[in-house]
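**Q**
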Amino acid sequence: MKSLKIYSIIVAGALMLGSCSESFLDSTPKTSLTDANFYQTLEDAELAIVGCYDGLQAVNQGGVSFPVASEVFSDNCYGGTGNNDGYGYQLLDEFNLQRSPSDQNLFEQNWIDFYKAIYRVNMLLQKMDQINWEGDDAKRNSIEAEARFLRAFLYFDMVRLWERVPLVIEPTEENVPQASADEIYAQIAEDLLIAAEKGSGDVQPGRANKWTAKSLLGRVFLFYTGYYNKTDLVGKASKTEVLGHLEDVISSTEYGLVEEFANLWPAASATPVPETNTLESTYAGKDNQETIFAIKHNITSDYDGNTDGNHWMVMLGLREQSFSPYGSGWGAGPVNPELYNAYEEDDARRTASIIGIEEEGLAFDNSGQRGYTGYANKKYIPLALPDGSDVAAENGATNFMIGQYQDYVAIRYADVLLMAAELGSANAQDYFDLVRDRAGLGIKTVNPANILEERRLEFAFEGIRYWDLLRQGLETAASTIAEQTTVLDGGVETSKVINAQNIIDKRGFQMIPQNQINLSDNVLKQNDGWSN
Numbered sequence: 093m094k095s096l097k098i099y100s101i102i103v104a105g106a107l108m109l110g111s112c113s114e115s116f117l118d119s120t121p122k123t124s125l126t127d128a129n130f131y132q133t134l135e136d137a138e139l140a141i142v143g144c145y146d147g148l149q150a151v152n153q154g155g156v157s158f159p160v161a162s163e164v165f166s167d168n169c170y171g172g173t174g175n176n177d178g179y180g181y182q183l184l185d186e187f188n189l190q191r192s193p194s195d196q197n198l199f200e201q202n203w204i205d206f207y208k209a210i211y212r213v214n215m216l217l218q219k220m221d222q223i224n225w226e227g228d229d230a231k232r233n234s235i236e237a238e239a240r241f242l243r244a245f246l247y248f249d250m251v252r253l254w255e256r257v258p259l260v261i262e263p264t265e266e267n268v269p270q271a272s273a274d275e276i277y278a279q280i281a282e283d284l285l286i287a288a289e290k291g292s293g294d295v296q297p298g299r300a301n302k303w304t305a306k307s308l309l310g311r312v313f314l315f316y317t318g319y320y321n322k323t324d325l326v327g328k329a330s331k332t333e334v335l336g337h338l339e340d341v342i343s344s345t346e347y348g349l350v351e352e353f354a355n356l357w358p359a360a361s362a363t364p365v366p367e368t369n370t371l372e373s374t375y376a377g378k379d380n381q382e383t384i385f386a387i388k389h390n391i392t393s394d395y396d397g398n399t400d401g402n403h404w405m406v407m408l409g410l411r412e413q414s415f416s417p418y419g420s421g422w423g424a425g426p427v428n429p430e431l432y433n434a435y436e437e438d439d440a441r442r443t444a445s446i447i448g449i450e451e452e453g454l455a456f457d458n459s460g461q462r463g464y465t466g467y468a469n470k471k472y473i474p475l476a477l478p479d480g481s482d483v484a485a486e487n488g489a490t491n492f493m494i495g496q497y498q499d500y501v502a503i504r505y506a507d508v509l510l511m512a513a514e515l516g517s518a519n520a521q522d523y524f525d526l527v528r529d530r531a532g533l534g535i536k537t538v539n540p541a542n543i544l545e546e547r548r549l550e551f552a553f554e555g556i557r558y559w560d561l562l563r564q565g566l567e568t569a570a571s572t573i574a575e576q577t578t579v580l581d582g583g584v585e586t587s588k589v590i591n592a593q594n595i596i597d598k599r600g601f602q603m604i605p606q607n608q609i610n611l612s613d614n615v616l617k618q619n620d621g622w623s624n
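Here the sequence shown stands for residues 93 to 624, numbered as in this note's numbering.
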């Protein structure tokens, strides 16, 4: 497609947008590397795979990030943002282009960044044979496995957002037409199965390994077979085989549940100490035993090309106000009160996941907030010191908007336990009980309905709920998300309506950026229901 031409660039551009978090991602941008003199040594291979992780990190930095969008689509959150802002986020939560007709390119930066990242992965995989691996077959296999995992991860997000997208597995400038969903899922499955076979069993912060591939395979299988009403993953993996991979992750003993649920999340585990203007924390830390795969972030983002901060988390901060330890932001994703009420009274996950404005006695001024409900997410929110200053900025970040450093934990061990239970493990009840016990809850019979409800409560605001709904069937998802209620826009009661038919008409997918359709000379076709 014409829009891909910008990615056929010298390796200098394809490799480094900037350094990423943690030691393995700390690398100086290379400006003298080209396709002619790179991809030759083990060091080159390591730099190249770092560039691939960097590409993955970038896809959520512009446009509407996948984690935020996934919650706004779902019944967990509304669009929100400021009362004087545009209505792009209402377009998303209502699946209605007429709410903001000019926003036909909300996801364009994401589209561009997805293909930039895929270009990097494809280039590395294409050059594998010309690298001198010095006889280190394990290193070669590990690099290939990581690259294939990243490509699968990227395409899985893309196929869920837009379904039919160009399937590009080699660097190209061609005007590539959209592939079918089956073709894309077949490639995802192939990449993950190879990554599971060739990947290392070593657990390193931010790096994919065979366990991450096996875990993602479970998520892909459940979505594909659920949404498309299939019994296996495009003929690549059966239910029994996928369950076996998940059981491998569990039996590896490389991962486990963090003892206290609140300690998984910086804000939930922080206590302000006004006397010293500090926060005391019981946070389990980045890369704790429950983290199977995380997209890494740190405070070193700037406006000169280093984009390694968590740029999207500020969207979820309290609208232009802070109440330590909760920092300010732009007020996207106000929480549906129904979610707060869905938790059992003594479920530890409720107060660890959700900020109850009134329940916590916060003097929040909602006059600037759209879609105010009295509840906000607590898992992904900037941190503020008792004096109201942003923690990231106080620690040297450029500013609170681009310097947030909380990682996005894409796959947790609890997810593996619940996926294995859902797929019929002989240990299903034990796995289910482990998750509920950590939440402070008693035994409950394991069955598909209870597992799906448990997933909502366990993974709220982690970018999972919408896809769990969609794989239960389009009409089930639409009727669950559909809403007719009242929220406060600028402090004024306003009707909030989400029409189930809007979701059904669009089959749950998002609009392809119109600019990309134009650039392709209409080789790309818009998704159902999104044409003006």
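By construction, the Cβ of each residue, glycine as well, lies at the ideal position given by its N, Cα and C atoms.
As the structure is a prediction and not an experimental result, all values here were calculated from the model.
(1) Helix, strand or coil, according to DSSP, for Tyr-472 in the structure here?
(2) Determine the burial state of Pro-269: buried for a count of at least 16 other Cβ atoms within 10 Å of its Cβ, exposed for fewer.
(3) For Asp-581, which option in Gln-593, Asp-177, Pro-478, Arg-528 has the closest C-alpha, if you only look at C-alpha atoms?
(4) Ala-512 and Ile-342: beta carbons closer than 8 Å?
(5) Out of Asp-529, Thr-586, Thr-465, which has the shortest C-alpha to C-alpha gap to Cys-169?
(6) Return yes when the Cβ of Leu-325 is within less than 8 Å of the Cβ of Tyr-375, no when it is not.
(7) Helix, strand or coil: how does DSSP classify Lys-302 here?
(8) Spatial neighbours of Gln-153 within its chain, please: CB distance less than 6 Å, with the 5 preceding and 5 following residues excluded, ordered by chain position.
(9) Alpha carbon to alpha carbon, what distance is there between Phe-245 and Val-508?
(10) Taking the CB atoms as reference points, tell me whether Ile-446 and Phe-456 lie closer together than 8 Å.
(11) Taking only the alpha-carbon atoms, compute the straight-line gap between Ala-128 and Leu-510 and give it to the nearest angstrom.
(12) Measure the C-alpha to C-alpha separation of Phe-385 and Ser-344 and round it to an integer number of angstroms.
(13) Who does Glu-585 pair with in a DSSP beta bridge?
(14) Please tell me whether Met-250 and Phe-206 are closer than 8 Å, where the distance is taken between their beta carbons.
(15) Determine the DSSP secondary structure at Asp-127, reduced to helix, strand or coil.
(16) Give the secondary structure of Leu-371 by DSSP, where H, G and I count as helix, E and B as strand, and everything else as coil.
(17) If you measure between the beta carbons of Arg-462 and Thr-173, is that distance less than 8 Å?
(18) Can you give the Cα-Cα distance for Val-350 and Gly-532, rounded to whole angstroms?
(19) Within its chain, find whatever has a CB closer than 7 Å to the CB of Glu-200; leave out the 5 residues flanking it on each side and keep chain order.
(20) To the nearest angstrom, how far is it from the Cα of Phe-248 to the Cα of Glu-255?
(21) Which ranges would you report for the alpha helix (DSSP H) in the region 281–360 if only whole runs of at least 4 residues count?
(22) Taking the C-alpha atoms as reference points, what is the distance between Ile-387 and Thr-568?
(23) Starting from Thr-572, trace the alpha helix (DSSP H) both ways and give me its first and last residue.
(24) Taking only three categories from DSSP, how would you classify Phe-248?
(25) Are Ala-485 and Gly-495 closer than 8 Å when you measure CB to CB?
(26) What residue from Leu-611, Tyr-558, Ala-506, His-389 has the CA that sits closest to Asp-185's CA?
(27) Is the CB-CB distance between Leu-309 and Leu-284 below 8 Å?
(28) Are there 16 or more other CB atoms within 10 angstroms of the CB of Ser-587, so buried, or fewer, so exposed?
(29) Does DSSP put Tyr-418 in a helix, in a strand, or in coil?
(30) Measure the CB-CB distance between Thr-370 and Leu-477 and report whether it falls below 8 Å.
(31) Within its chain, find whatever has a CB closer than 6 Å to the CB of Ser-162; leave out the 5 residues flanking it on each side and keep chain order.
(32) Can you tell me which of Glu-367, Gln-564, Glu-436, Val-406 puts its alpha carbon nearest to the alpha carbon of Asn-491?
(33) Look at the alpha carbon of Lys-328 and the alpha carbon of Glu-282, and state the distance between them as a whole number of angstroms.
(34) Where Thr-577 and Glu-138 are concerned, what is the direct C-alpha to C-alpha distance, given to the nearest angstrom?
(35) Any idea what DSSP makes of Gln-153, helix, strand or coil?
(36) Between the Cα of Ala-140 and those of Gly-180, Ser-192, Met-220, Gly-171, spot the shortest distance and give me the residue it belongs to.
**A** Taking the coordinates as given:
(1) As a first step, residue 472 is located in the sequence shown; it is residue number 380 there, counting from the start. It is coil, neither helix nor strand.
(2) Numbered from 1 along the sequence shown, position 177 holds the residue referred to as residue 269. Pro-269 should be labelled exposed.
(3) If you number the sequence shown from 1, residue 581 lands on position 489. Nearest of Gln-593, Asp-177, Pro-478, Arg-528 to Asp-581, Cα basis: Asp-177.
(4) As a working mapping, residue 512 is identified with position 420 in the sequence shown. As a working mapping, residue 342 is identified with position 250 in the sequence shown. Cβ distance < 8 Å, so Ala-512 and Ile-342 count as in contact.
(5) If you number the sequence shown from 1, residue 169 lands on position 77. Nearest option by C-alpha distance: Thr-465.
(6) Within the sequence shown, numbered from 1, the residue matching residue 375 stands at position 283. Within the sequence shown, numbered from 1, the residue matching residue 325 stands at position 233. Their beta carbons are not under 8 Å apart, which means Tyr-375 does not touch Leu-325 by this criterion.
(7) Locating residue 302 in the sequence shown gives position 210, where the first residue counts as 1. The answer is helix: DSSP assigns Lys-302 an H, G or I state.
(8) As a working mapping, residue 153 is identified with position 61 in the sequence shown. Its chain contains Thr-399, His-403 as the residues whose beta carbon lies nearer than 6 Å to that of Gln-153, once the 5 sequence neighbours on both sides are disregarded; these appear in chain order.
(9) Sequence index remark: in the sequence shown, residue 508 carries index 416 (1-based). Sequence index remark: in the sequence shown, residue 245 carries index 153 (1-based). Annotation: Val-508 to Phe-245 spans about 16 Å, alpha carbon to alpha carbon.
(10) Locating residue 446 in the sequence shown gives position 354, counting from the first residue. Locating residue 456 in the sequence shown gives position 364, counting from the first residue. Going by C-beta atoms, Ile-446 is not nearer than 8 Å to Phe-456.
(11) Within the sequence shown, numbered from 1, the residue matching residue 128 stands at position 36. Within the sequence shown, numbered from 1, the residue matching residue 510 stands at position 418. For Ala-128 and Leu-510, the distance between alpha carbons rounds to 47 Å.
(12) The count along the sequence shown starts at 1 and reaches residue 385 at position 293. The count along the sequence shown starts at 1 and reaches residue 344 at position 252. Going by the C-alpha atoms only, they are around 15 Å apart.
(13) Mapped onto the sequence shown, residue 585 falls at position 493. According to DSSP, Glu-585 bridges with Leu-580.
(14) What you label residue 250 is simply residue 158 of the sequence shown in a count that begins at 1. What you label residue 206 is simply residue 114 of the sequence shown in a count that begins at 1. Against a cut-off of 8 Å, the Cβ pair of Phe-206 and Met-250 comes out as a contact.
(15) On the sequence shown, position 35 is the one that residue 127 refers to. Coil at Asp-127, not helix or strand.
(16) Residue mapping note: residue 371 aligns to position 279 of the sequence shown, counting from 1. Residue state, collapsed to three classes: strand.
(17) As a first step, residue 462 must be located in the sequence shown, where it is residue number 370. As a first step, residue 173 must be located in the sequence shown, where it is residue number 81. Result yes, Cβ atoms of Arg-462 and Thr-173 sit closer than 8 Å.
(18) Within the sequence shown, residue 350 is the residue found at index 258, counting from 1. Within the sequence shown, residue 532 is the residue found at index 440, counting from 1. Those two C-alpha atoms are separated by around 13 Å.
(19) Here residue 200 is taken as the residue at index 108 of the sequence shown, counted from 1. Excluding sequence neighbours, Glu-200 sits near Gly-155, Pro-605, Asn-607, Gln-608.
(20) Within the sequence shown, numbered from 1, the residue matching residue 248 stands at position 156. Within the sequence shown, numbered from 1, the residue matching residue 255 stands at position 163. When rounded, the distance between both Cα atoms is 9 Å.
(21) Scanning the region 281–360 from its first residue to its last, the whole alpha helix (DSSP H) runs of 4-plus residues come out as 302–319, 331–343.
(22) Your numbering for residue 387 matches position 295 in the sequence shown. Your numbering for residue 568 matches position 476 in the sequence shown. Whole-angstrom Cα-Cα distance: 31 Å.
(23) Here residue 572 refers to the residue found at position 480 of the sequence shown. Thr-572 -> alpha helix (DSSP H) spans 566–573.
(24) The residue given as residue 248 occupies position 156 in the sequence shown. In the structure shown, Phe-248 sits in a helix (DSSP, three-state: H, G or I).
(25) For the purposes of this step, residue 485 is taken as the residue at position 393 of the sequence shown. For the purposes of this step, residue 495 is taken as the residue at position 403 of the sequence shown. Yes. Within cutoff.
(26) Counted from its first residue, the sequence shown places residue 185 at position 93. Among Leu-611, Tyr-558, Ala-506, His-389, the Cα nearest to that of Asp-185 is on Tyr-558.
(27) Taking the first residue of the sequence shown as position 1, residue 309 is located at position 217. Taking the first residue of the sequence shown as position 1, residue 284 is located at position 192. Result yes, Cβ atoms of Leu-309 and Leu-284 sit closer than 8 Å.
(28) Numbered from 1 along the sequence shown, position 495 holds the residue referred to as residue 587. Flag for Ser-587 reads exposed.
(29) As a working note, residue 418 is residue 326 in the sequence shown. Of the three classes helix, strand and coil, the one that applies to Tyr-418 here is strand, per DSSP.
(30) As a position in the sequence shown, residue 370 is number 278, starting the count at 1. As a position in the sequence shown, residue 477 is number 385, starting the count at 1. For Thr-370 and Leu-477, yes; Cβs fall inside 8 Å.
(31) As a first step, residue 162 must be located in the sequence shown, where it is residue number 70. Excluding sequence neighbours, Ser-162 sits near Gly-555, Tyr-558.
(32) For this step, residue 491 is matched to residue 399 along the sequence shown. If we check each option's Cα against that of Asn-491, Val-406 comes out closest.
(33) The residue labelled residue 328 in the question sits at position 236 within the sequence shown. The residue labelled residue 282 in the question sits at position 190 within the sequence shown. Answer to the nearest angstrom: the Cα atoms are 7 Å apart.
(34) The residue labelled residue 577 in the question sits at position 485 within the sequence shown. The residue labelled residue 138 in the question sits at position 46 within the sequence shown. Those two C-alpha atoms are separated by around 52 Å.
(35) Stepping through the sequence shown from its first residue, residue 153 is reached at position 61. It is coil, neither helix nor strand.
(36) The residue given as residue 140 occupies position 48 in the sequence shown. Among Gly-180, Ser-192, Met-220, Gly-171, the Cα nearest to that of Ala-140 is on Met-220.
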